[in-house]
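Q:
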Amino acid sequence: MFDWPTFLFSLPLLGKALLITLQTSLLGNAIGFAIGTLIASMQLAKMPLLRRIGGSYIFIFRGVPLLVQLLVIYYLAPMFGLPNLSPMVAAIMALSLCSGAYIAEILRGGLLAIPSGQREAAHLLGMSRPAILLRIELPQAVQSTLPSLVNELVLLIKSSALVSVVGLADLTRVAQNLASSDYLFFQHYLVLAGIYCLINIPLTMFGRRLERHLERSLA
Amino acid sequence: MTFDLSIITANADAIWNAFLVTIYTWLAGSLLGLMAGLLIAALMLFGGRPLQRLLRVFIELVRGTPFLVILFLVYYGGPSFGVRLGAITAGVLCIAFYSSVYFAEIFRSGFAAVPRGQLEAGECLGLGRLQLMWRVQLPQMLVLILPAIVNMLTILCKETAVLSIITVPELTAVLTGIGTRTFTFIETLLVLCIAYLLLIEVTSRVGRWLERRVGTYLQR
Chain W
3 MFDWPTFLFS LPLLGKALLI TLQTSLLGNA IGFAIGTLIA SMQLAKMPLL
53 RRIGGSYIFI FRGVPLLVQL LVIYYLAPMF GLPNLSPMVA AIMALSLCSG
103 AYIAEILRGG LLAIPSGQRE AAHLLGMSRP AILLRIELPQ AVQSTLPSLV
153 NELVLLIKSS ALVSVVGLAD LTRVAQNLAS SDYLFFQHYL VLAGIYCLIN
203 IPLTMFGRRL ERHLERSLA
Chain U
1281 MTFDLSIITA NADAIWNAFL VTIYTWLAGS LLGLMAGLLI AALMLFGGRP
1331 LQRLLRVFIE LVRGTPFLVI LFLVYYGGPS FGVRLGAITA GVLCIAFYSS
1381 VYFAEIFRSG FAAVPRGQLE AGECLGLGRL QLMWRVQLPQ MLVLILPAIV
1431 NMLTILCKET AVLSIITVPE LTAVLTGIGT RTFTFIETLL VLCIAYLLLI
1481 EVTSRVGRWL ERRVGTYLQR
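Same order as they appear, the protein sequences are chains W and U.
Sequential numbering from 3 applies to the first sequence in my numbering.
Sequential numbering from 1281 applies to the second sequence in my numbering.
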């Protein structure tokens, strides 16, 4: 049933693909975090226009499936004069734009929980708005929402399987290629699922531990 | 670069059918997933320790696997075991399978949220465990978990787009198909995005409306 030689042969290939998957999801998460910070602070800004823009961004990027976003970026970028994007760039763009919306929602909750007295105090000390956001508010917001952020990373790693559609040789794509070359579909996809679980389950557990730790420190 | 929506009206029939396929796979999959989730949650509640452990492992494994990979396992891996499913059937079953563990977690937290005192009171009145669950816990927790369920439904609606990869003729597959055949990516992708935004918006509005309606009975 399970063909061990094939499995051993596929391991180095899958290892290389794993690096691509991790690279796209981690980069996507990092850029998504920057976008999320920007969007969350826009949503909490005083200017109605900024709030509108922030709200629309979240509405659109959370309302459209990631696969569709990926297709939009991949097909439409050349039409708008951007040269043909490499699959890697398209993948990272889609992942970061999408996770940016989710991270914005998470961070917004964290930012709202910070007592406004701190902002006023920092303002009186002469700190600028961006400095207050980056040095006073964001660190606290990240600390209090860390479990949700870890959870978001797990979701992103799972969603990154979709980038195989634009031809990036990530884990899923390589497993697909292996399966279509020797027809051992079930075996290759089972291994594939196993690898994703090996990354995601420890991360989930880590997130849960962070959550318990946070609850204890707040209690 | 031109913008011409006539390509949409010319293919209106095909797009409408695709829309129906999206709705069908989404709702049928979710319904089956809800039932399976309730079953898993109930088994975790009433089953012994070993069964609980086993289900816990099952839940973690499914939650750690991307939906696309589950789809591949069932649709392409199934035939190795003589399980040959049509694309739409496979899609519905995969959505049900994938969502069942998430729904199970939601139900579990719901069961836990009903105060213990009520269960003890029910026991004293001579209700059996199943009756307790059906008559005391379920009605109350359905109200409590409604927001989580609606949220999961919107996530599943978006997951149906992934079904296009295993050739289910739903919105994403049909519209990108038209786009690549006629080179009208802008129009087709725009309509595609609007369709999903509409579906998600309607779902969350219905959810909020339901929340307001049933929530009134929870205020003490």
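Each residue gets a CB set at the ideal place from its N, CA and C atoms; glycine is no exception.
Taking G1313(U) and S1389(U) to be in contact with their CB atoms under 8 Å, please state how far apart those CB atoms are, rounded to whole angstroms.
A: Translated into the one-based positions of the second sequence, residue 1313(U) becomes position 33. Translated into the one-based positions of the second sequence, residue 1389(U) becomes position 109. In fact, because the Cβ distance is near 16 Å, the residues do not count as touching under 8 Å.
Q: DSSP three-state label for T1345(U), please.
A: Here residue 1345(U) refers to the residue found at position 65 when the second sequence is read from its first residue. The answer is coil: DSSP assigns T1345(U) none of H, G, I, E or B.
Q: In whole angstroms, what is the alpha-carbon distance linking L164(W) and M129(W)?
A: Looking up residue 164(W) in the first sequence gives position 162. Looking up residue 129(W) in the first sequence gives position 127. In a straight line, the C-alpha of L164(W) is about 43 Å away from that of M129(W).
Q: Does any C-beta atom of chain U lie closer than 8 Å to the C-beta of N86(W)?
A: Mapped onto the first sequence, residue 86(W) falls at position 84. Chain U contact via Cβ: absent.
Q: Suppose contacts are defined by Cβ-Cβ distances below 8 Å. Is I60(W) in contact with A32(W) by that definition?
A: Numbered from 1 along the first sequence, position 58 holds the residue referred to as residue 60(W). Numbered from 1 along the first sequence, position 30 holds the residue referred to as residue 32(W). In this structure, A32(W) does not lie closer than 8 Å to I60(W) by Cβ.
Q: Check whether the stretch 207 to 217 of chain W touches the stretch 18 to 37 of chain W, taking contact to mean three or more Cβ pairs, one atom from each stretch, closer than 8 Å.
A: As far as the Cβ criterion goes, the stretch 207 to 217 of chain W does not touch the stretch 18 to 37 of chain W, which means the pair count is below three.
Q: Tell whether a beta-carbon distance below 8 Å holds between R110(W) and A42(W).
A: Mapped onto the first sequence, residue 110(W) falls at position 108. Mapped onto the first sequence, residue 42(W) falls at position 40. Yes, they are a contact pair.
Q: Under the three-state reduction of DSSP, which class applies to Y77(W): helix, strand or coil?
A: Locating residue 77(W) in the first sequence gives position 75, counting from the first residue. Note: Y77(W) maps to helix in three-state DSSP.
Q: Excluding sequence positions up to five away, which residues of its chain have a Cβ less than 6 Å from the Cβ of S1360(U)?
A: One-based indexing of the second sequence puts residue 1360(U) at position 80. Counting only Cβ-Cβ distances below 6 Å, and skipping sequence neighbours, we find nothing.
Q: Which two residues bound the contiguous alpha helix (DSSP H) that contains R53(W)?
A: Taking the first residue of the first sequence as position 1, residue 53(W) is located at position 51. Residues 50 to 65.
Q: Work out the CA separation of R1485(U) and V70(W) for me, nearest whole Å.
A: Within the first sequence, the letter at position 68 stands for residue 70(W). Within the second sequence, the letter at position 205 stands for residue 1485(U). Distance between the alpha carbons of V70(W) and R1485(U): 23 Å.
Q: With a threshold of 16 other CB atoms inside 10 Å of the CB of R1500(U), please say whether the residue is buried or exposed.
A: By one-based count along the second sequence, residue 1500(U) stands at place 220. Residue confidence is low: R1500(U) scores 46 on pLDDT, short of 50, so the model does not pin down where it sits. No coordinate-derived value is stated.
Q: Y59(W) touches chain U at which residues, Cβ-Cβ below 8 Å?
A: The residue you call residue 59(W) lines up with position 57 of the first sequence. Those do not exist, as Y59(W) stays about 13 Å from chain U at its closest Cβ, beyond 8 Å.
Q: If you count every other CB in all the chains shown that lies within 10 Å of the CB of R1415(U), and 16 or more means buried, which is it?
A: Looking up residue 1415(U) in the second sequence gives position 135. So R1415(U) counts as exposed.
Q: Below 8 Å between beta carbons: does that hold for I1445(U) and L1351(U)?
A: Here residue 1445(U) corresponds to residue number 165 of the second sequence, with the count starting at 1. Here residue 1351(U) corresponds to residue number 71 of the second sequence, with the count starting at 1. Yes, these two residues count as a Cβ contact at 8 Å.
Q: So, with DSSP's three-state summary, where would you put R1500(U)?
A: The sequence position of residue 1500(U) within the second sequence is 220, counting from 1. For R1500(U), the pLDDT reaches just 46, beneath the cut-off of 50, and the residue's location in the model is therefore unreliable, leaving the point undetermined.
Q: When you compare only the Cα positions, how much space is there between A1392(U) and L1399(U)?
A: Counted from its first residue, the second sequence places residue 1392(U) at position 112. Counted from its first residue, the second sequence places residue 1399(U) at position 119. About 11 Å.
Q: Taking 7 Å as the cut-off, is the beta-carbon of L136(W) closer than that to any non-hydrogen atom of the ligand GTP?
A: Within the structure as shown, the ligand GTP is missing, as the structure has no ligands at all.
Q: Would you mind giving the Cβ-Cβ distance between V66(W) and C1374(U), rounded to the nearest angstrom? I have them listed as a contact below 8 Å.
A: Here residue 66(W) corresponds to residue number 64 of the first sequence, with the count starting at 1. Here residue 1374(U) corresponds to residue number 94 of the second sequence, with the count starting at 1. The Cβ separation is near 21 Å, so there is no contact.
Q: Is L1418(U) helix, strand or coil by DSSP?
A: To locate residue 1418(U), count along the second sequence from 1; it is residue 138. It is helical.
Q: Assuming F1283(U) contacts E1467(U) (C-beta within less than 8 Å), just tell me the rounded distance between them.
A: Taking the second sequence and counting its residues from 1, the one referred to as residue 1283(U) is at position 3. Taking the second sequence and counting its residues from 1, the one referred to as residue 1467(U) is at position 187. Rounded, the Cβ-Cβ distance is 7 Å, consistent with contact.
Q: Check distances from the C-beta atoms of the stretch 1466 to 1480 of chain U to those of chain W and list, in chain order, the residues that come in under 7 Å.
A: Under the 7 Å Cβ criterion, the stretch 1466 to 1480 of chain U contributes I1466, L1469, L1472, C1473, Y1476, L1477, I1480.
Q: Assuming the contact rule is C-beta atoms closer than 8 Å, L192(W) and L1470(U) should be a hit. Round their C-beta distance to whole Å, please.
A: Residue numbering aside, residue 192(W) sits at position 190 when the first sequence is read from its first letter. Residue numbering aside, residue 1470(U) sits at position 190 when the second sequence is read from its first letter. Not a contact, Cβ separation roughly 39 Å.
Q: Helix, strand or coil for L265(W) per DSSP?
A: Nothing about residue 265(W) can be read from this structure; chain W reaches only from 3 to 221.
Q: For a test of the three-state rule: what should DSSP assign to Q45(W), helix, strand or coil?
A: Stepping through the first sequence from its first residue, residue 45(W) is reached at position 43. Here Q45(W) sits in helix by DSSP.
Q: Mind pulling the beta strand (DSSP E) runs of 3 or more residues that sit fully within the stretch 1391 to 1456 of chain U?
A: none
Q: Can you check whether the C-beta of S147(W) is within less than 8 Å of a C-beta belonging to chain U?
A: The residue given as residue 147(W) occupies position 145 in the first sequence. Checking the sequence, you will find Thr at residue 147(W) rather than Ser. By this cut-off, T147(W) is not an interface position.
Q: In chain U, what lies closer than 9 Å to F188(W) by C-beta?
A: In the first sequence, counting from the first residue as 1, residue 188(W) sits at position 186. By Cβ distance, chain U contributes L1353, Y1356, G1357, G1358, P1359, S1360, F1361.
Q: Below 8 Å between beta carbons: does that hold for Y198(W) and T1464(U)?
A: Within the first sequence, the letter at position 196 stands for residue 198(W). Within the second sequence, the letter at position 184 stands for residue 1464(U). For Y198(W) and T1464(U), no; Cβs fall outside 8 Å.
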